[in-house]
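> For what it's worth, my numbering labels the leading residue of the sequence shown as 56, then goes sequentially. Note that the Cβ used here is the ideal one computed from N, Cα and C, for glycine as well. It should be emphasised that the depicted structure is a prediction, and the values quoted were computed from it without experimental measurement.
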Amino acid sequence: MKLTVIGSGDAFGSGGRLQSCYHVSTDGGEFLIDCGATTIMGFNRASRSPDRVGTIFISHLHGDHFAGLVWWLLHALHVTRRSAPLAIVGPEGIKERYTAAAEALFPGTTARSPGFELSWHEFAPQTPLEVNGITATPHTVSHPSGAPSYGIRFEADGKIIGFSGDTEWVDELINIADRADLYITECYAFDAQVPYHMNWQQLSQKLDGVGARRIMLTHMNDAMLAKAGSIEHPRVLIAKDGMEVEI
Ligand SMILES: [Zn+2]
Ligand SMILES: [Zn+2]
């Protein structure tokens, strides 16, 4: 299994980074974790084909995590003329929030048939959901987004990836990261207290209880990015757009 960071930025593109998106290649196919507004841009930068991705998982309904679906589906319709099926999985109400966003930005587009099999799947809290051979278990986190916000634990190819989504510290994160081969966690700030987000000072004190083999810090603001290079911890990686991790 291989993970490629398409976007490791926050909502504002701090450090010139693209918004949240991680590409995972498994024996059974390719999937995305989050689809921030800049996702198609990231695929073009990497000369990667969006049509090979069979499943997109969305952690929560903030634009830097799901708005890329608007351009993803337009691109499939007009540019690649996609024929492969696509499953989109996310919090309750995801299809309605996508439709509202797409109609605000490109009116009339959601009435058109995508021309391929498109299915929408909603998470239920703490309930494993298997889609295209990937088991995803959403865990409720603390981050208001107009719908439930989740951290997600993925299992495929006998490997485990944990993802915090956006959240302040909640003990549920320990379950998401437990025995994970890679745990991707937001670390928005260095030491500032930002509501509903984490900072490194706080997270570093929790790491002994985080039972993942490797821990990737992501979704960093300018202050965190400025200090990320000085963090030395045997299990910690600092995410960067384009980074590839063998899992
Ligand atoms: Zn975010
Ligand atoms: Zn958010």
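Which residues in the same chain as Ser197 place their Cβ atom closer than 7 Å to its Cβ, once the five residues preceding and following it in sequence are excluded?
Residue numbering aside, residue 197 sits at position 142 when the sequence shown is read from its first letter. Once the five neighbours on either side are set aside, the close Cβ partners of Ser197 are Thr222, Glu223, Val225, Tyr251.
> How would you label Trp126, buried or exposed, when you count the other beta carbons within 10 angstroms and need 16 or more for buried?
Within the sequence shown, the letter at position 71 stands for residue 126. With 16 or more other Cβ atoms within 10 Å, it is buried.
> Roughly how many angstroms lie between the CA atoms of Gly213 and Gly84, to the nearest whole one?
Sequence index remark: in the sequence shown, residue 213 carries index 158 (1-based). Sequence index remark: in the sequence shown, residue 84 carries index 29 (1-based). Looking at the two C-alpha atoms, the distance is approximately 14 Å.
> Along the chain, where does the beta strand (DSSP E) containing Trp126 start, and where does it finish?
As a working note, residue 126 is residue 71 in the sequence shown. First-last for Trp126: 123 to 133, but that is the alpha helix (DSSP H), not the beta strand (DSSP E).
> Taking the alpha-carbon of Ser69 as reference, which of Val300, Phe218, Tyr153, Leu280 has the nearest alpha-carbon?
To locate residue 69, count along the sequence shown from 1; it is residue 14. Of the listed residues, the one whose Cα sits closest to Ser69 is Leu280.
> Give the straight-line distance between the Cα atoms of Ser75 and Trp175, rounded to the nearest whole angstrom.
On the sequence shown, residue 75 is found 20 positions in, with the first residue counted as 1. On the sequence shown, residue 175 is found 120 positions in, with the first residue counted as 1. Each residue's Cα considered, the two are about 20 Å apart.
> Leaving out five residues before and five after His274 in sequence, what residues of the same chain have Cβ atoms less than 6 Å from its Cβ?
Here residue 274 refers to the residue found at position 219 when the sequence shown is read from its first residue. Taken in chain order, the residues that qualify are Asp65, Glu241, Tyr243.
> Please identify the residue among Pro146, Ser114, Ala101, Leu160 whose C-alpha is closest to the C-alpha of Leu128.
Counted from its first residue, the sequence shown places residue 128 at position 73. Ranking Pro146, Ser114, Ala101, Leu160 by Cα distance to Leu128 puts Leu160 first.
> Given the structure, does His117 come close to ligand 2, in the sense that its CB is under 6 Å from one of the ligand's heavy atoms?
Along the sequence shown, one-based indexing puts residue 117 at 62. Yes; taking the cut-off as 6 Å, the Cβ of His117 has a heavy atom of ligand 2 nearer than that.
> If you measure between the beta carbons of Asp296 and Gly266, is that distance less than 7 Å?
Against the sequence shown, residue 296 aligns to sequence position 241. Against the sequence shown, residue 266 aligns to sequence position 211. No, the pair does not count as a contact, with Cβ atoms beyond the cut-off.
> What residue does the alpha helix (DSSP H) around Ile4 start on, and which one ends it?
Outside the displayed span of the chain (56 to 302) sits residue 4, for which this structure offers no information.
> With distance defined between alpha-carbon atoms, name the residue in Asn276, Arg268, Ala278 nearest to Arg288.
Residue numbering aside, residue 288 sits at position 233 when the sequence shown is read from its first letter. Note on identity: in this sequence residue 288 is His, with Arg being the wrong assignment. For His288, the nearest C-alpha among the options comes from Arg268.
> What are the boundary residues of the alpha helix (DSSP H) that includes Lys282?
Taking the sequence shown and counting its residues from 1, the one referred to as residue 282 is at position 227. Lys282 -> alpha helix (DSSP H) spans 277 to 283.
> Between Asn230 and Ser219, what straight-line distance do the alpha-carbon atoms span, to the nearest angstrom?
Along the sequence shown, read from residue 1 onward, the residue named residue 230 stands at position 175. Along the sequence shown, read from residue 1 onward, the residue named residue 219 stands at position 164. Approximately 10 Å, taken between the alpha carbons.
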